[in-house]
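For the sequence shown, my numbering gives the first residue as 89, with consecutive numbering after it.
The next block holds one structure in the form of structure tokens; read it before the comments.
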Amino acid sequence: RTYRRKLFTDTQLESLNTAFARQKYLSSKEQGELATTLGLTSKQIKTWFQNKRYKSRQKE
89 RTYRRKLFTD TQLESLNTAF ARQKYLSSKE QGELATTLGL TSKQIKTWFQ
139 NKRYKSRQKE
């Protein structure tokens, strides 16, 4: 079974980037709250933050 990649909406990306600007690491509780707010899963939030941290390190 294959899964199509989920593209985030502009609103979701704006919220994710705002949260990332505030803090680069979220607790599992914060991940869950953000996921509920944005209509995503905690795993998607966790993965997005991991990738964002990796990309921000690459730019330095």
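The beta-carbon is built from N, C-alpha and C at its ideal position, and this holds for glycine as well.
Just so it is clear, the structure is predicted and the values come from calculations on it, not from any experiment.
Option in T125, K147, S116, Q146 with minimal Cα separation from L101: The candidate whose alpha carbon is nearest that of L101 is T125.
Residue span of the alpha helix (DSSP H) that contains L122, given as start and end: In the DSSP annotation of this structure, the continuous segment of the alpha helix (DSSP H) that includes L122 starts and ends at 116-126.
Nearest-angstrom Cα distance between K112 and T135? Rounded to the nearest angstrom, the two C-alpha atoms are 12 Å apart.
Might you give, ordered along the chain, the residues of its own chain that have their beta carbon closer than 6 Å to the beta carbon of F108, omitting 5 neighbours on each side? The residues K140, in chain order, have a CB closer than 6 Å to that of F108 in the same chain once the five nearest residues on each side in sequence are set aside.
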